[in-house]
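Reviewing the structure listed below.
Residue numbers (the UniProt record's numbering), protein chains in the order written: chain D, 1 to 397; chain U, 1 to 326.
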């Protein structure tokens, strides 16, 4: 796929008539004319890297990364996309029951994820495979739930990365409570809570805004506005840009180009530092796009047009960083070839691990229901064991 | 000061005080729990003595209260949450059922969820709508939760501390109409197991099983029946999940008759579960079908009608008579 810079500069027209642009260089006059023909103008995004891969400056956010760091971000995004593609393929092959792809959201996740310190804590939704990658979570751990061998399956404290949460927005309150605990402990770490544009409508997300503001909790809310909540467009969730909601709760909000990994890193780092300084929560709206279906069970052709996706493909987060690395001479062909080989190895590894994941022992369904034990669980476990044993010699396994 | 006579509400207050003193990770939180001391004054004076960091006044948002308590528990705290009234727990029901109850299993046992949710429940105080309900079955049905309810001051004092010490989430139902009943509390006693039922009165002709507010009603019914020459045993369940069927079974094998009494609607209530299991366990011992006395399949009525809705002495005795007539 090649980036057509002219296409990248085009604005995207949505059915509502609202104009959006990923370019920070949109002129004032252009905005005025947009207002005249299509209602309120979408606010500017914090952007440090244009869709063409040109480095631009922002008055409030800056970042100075070494070549190694820039290559690292690229590597993270490429490997995350490869992992995601492998998982999608595995679902199509029947190895996973479901998969929620992050395709298109790599910059939002890697940028924010790489802003974290080890002692920070992350509360993801169920699509943060790139953030998990940044936390050092074994990516195959993420697949157990989708393969149907567990309902989470990892120790959240081993990487300070909480379990995936399927009920929308619930985890934002857990994040806030955890951040309240950090404040009580007098620690200077912070919490990063992920959710989507759909979840922004949930009561829990709004309650977490209330609690975090009231207690000045060191939590950063990172909303990946990928434009679609399954089939419902952002217009069905809100009448104001999501980041603007923060002001009503008493803390700052900022909209960042979610396909610009540098901007996502800079903005998240700044918000986390603010939280660590005891200045309370921030809402970051990463303006991005879900290029794939909501999950593998979804059919986006029923509710959105190809042209929309094509316009967003021109803003691809990986291609723009690649262009920058190439233009600046930060990476040569050997780098990309090595990464390609590493990607293939990752895909192979994931494939092998998933196929080898065993069905859990039948008795496992009773495990871990309670810490202190429970008479009913004990009784039913014994009944089930006796029932299983009655097949001895037949289906011993 | 080992043995004191305390109202049930004061016993809960002393219990919370003891828990806050014993474990610095215990945090009491909820609406009005601080300066006001809770609408029923269960947390009276605690914020003054332990500070706003330990006794936390919260925004008015039940899902937020429980959801942040989950986060605090993940950070190593032991939150004790107050929900003001039974009917107000439902905004938090999602957090309790989909998150709190399942967190441990989803993490394959690697995280603990030591959260206690205190809920004043039940009727009989002439309150308005949503202030008199008994939703215990809705929580007992959910794997991962424990559900308990004390019926007297001693249990209030001990069971609450045991619930706080548990690494599992516990829904702690407080019989609000019994808050002002006094009972002896031995603060130096060795408490019984949290989930063990108690034979509150010995008898030989029939077993009444009750919990929370209905224990007192059943004891009064047993006393009235004794005047008619009937010997009624009363079992106080104390814990609804897990439920101590062994104690009920032992009693029924002795008395051969069982009536279950609770304020909650009978339909799909805890009495149904008890009737089914005791029928399985004691089929050949029973002289009569297990009978149930409880609320009706109707919204909790306006206060002027609640005495008709709630099981009282006469309805319990009527069921006793019906059982004995078999």
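By construction, the Cβ of each residue, glycine as well, lies at the ideal position given by its N, Cα and C atoms.
67, 68, 69, 70, 71, 72, 73, 74, 75, 76, 77, 79, 91, 94, 95, 98, 99: these are the residues of the stretch 67–99 of chain U whose beta carbon lies less than 9 Å from some beta carbon of chain D, given in chain order. At a cut-off of 7 Å between beta-carbon atoms, residue 167 of chain U makes contact with chain D. The alpha-carbon separation between residue 317 of chain D and residue 181 of chain D amounts to approximately 35 Å. Nearest C-alpha to residue 28 of chain U among U:6, U:81, U:18: U:81. The beta-carbon distance between residue 91 of chain U and residue 376 of chain D, rounded to whole angstroms, is 28 Å. This is too long to meet the 8 Å contact definition. Just measuring C-alpha positions, the residue of D:292, D:296, D:298 sitting nearest residue 306 of chain D is D:292. Within the DSSP bridge table, the entry for residue 174 of chain U names U:120 as partners. Sequence-distant Cβ neighbours of residue 269 of chain D in its own chain, meaning closer than 7 Å and more than five residues away, are 115. With fewer than three CB-CB distances shorter than 8 Å, the stretch 32–51 of chain U does not count as touching the stretch 167–177 of chain D.
For the stretch 358–390 of chain D, the set of positions with a beta-carbon nearer than 8 Å to some beta-carbon of chain U reads 367, 368, 369, 370, 371, 372, 374, 375, 376, 377 in chain order.
Per DSSP, reduced to three states, the secondary structure at residue 288 of chain U is coil, with no helix or strand assignment. Among the CB atoms of chain U, one or more fall inside 7 Å of the CB of residue 155 of chain D.
Apart from sequence neighbours up to five positions away, the residues of its chain that approach residue 260 of chain U with a beta-carbon distance below 6 Å are 209, 271, 274, 292, ordered along the chain. Only buried fits residue 165 of chain D, as 16 or more other CB atoms lie within 10 angstroms of its CB. Beta-bridge partners assigned by DSSP to residue 186 of chain U: U:3. Contact of residue 298 of chain U with chain D is not assigned, every C-beta pair being separated by 7 Å or more. Interface flag for residue 211 of chain D against chain U is set, since a Cβ pair is found closer than 7 Å. Within its own chain, the residues whose Cβ lies closer than 8 Å to the Cβ of residue 253 of chain D, once the five positions on either side in sequence are excluded, are 242, 243, 244, 245, 246, 247, 282, 283, 284, 285, listed in chain order.
Straight-line measurement puts the Cα of residue 384 of chain D at about 38 Å from the Cα of residue 84 of chain D. DSSP places residue 200 of chain U in the uninterrupted beta strand (DSSP E) bounded by 198–201. Of the candidates D:154, D:149, D:146, D:145, the residue whose Cα lies closest to the Cα of residue 136 of chain D is D:154. Here residue 249 of chain D carries a helix assignment [DSSP, helix/strand/coil]. Assignment of residue 122 of chain D by DSSP, reduced to helix, strand and coil, places it in the strand class. By the 16-neighbour rule on beta-carbons within 10 angstroms, residue 113 of chain U is buried.
Residue environment: residue 168 of chain U is assigned as buried (16 or more neighbouring CB atoms within 10 Å of its CB, all protein chains considered). Annotation note: the stretch 3–29 of chain U contains the following uninterrupted alpha helix (DSSP H) runs of length 4 or greater, listed N- to C-terminal: 8–22. In the structure shown, residue 146 of chain U adopts extended strand secondary structure according to DSSP, grouped into three states.
Selection D:63, D:66, D:139, D:70 evaluated against residue 82 of chain D yields D:139 as nearest (Cα-Cα). With a beta-carbon spacing of about 5 Å, residue 262 of chain D and residue 49 of chain D fall inside the 8 Å limit used to define contacts.
Taken residue by residue, none of the stretch 206–219 of chain U has a beta-carbon sitting less than 8 Å from a beta-carbon on chain D. Of all residues in the stretch 43–69 of chain U, those with a C-beta nearer than 7 Å to a C-beta of chain D are 53, 59, 61, 63, 64, 67, 68, 69, reading in chain order. Think of a sphere of 7 Å around the beta carbon of residue 105 of chain U: the chain D residues whose beta carbon falls inside it are 151, 368, 369, in chain order. Note that the C-beta distance between residue 62 of chain U and residue 88 of chain U is below 7 Å. For residue 144 of chain U, the nearest beta carbon of chain D is closer than 7 Å to its own beta carbon. One Cα belongs to residue 332 of chain D, the other to residue 109 of chain U, and the distance between them is close to 47 Å.
The straight-line gap separating the alpha-carbon atoms of residue 223 of chain U and residue 13 of chain U is approximately 31 Å.
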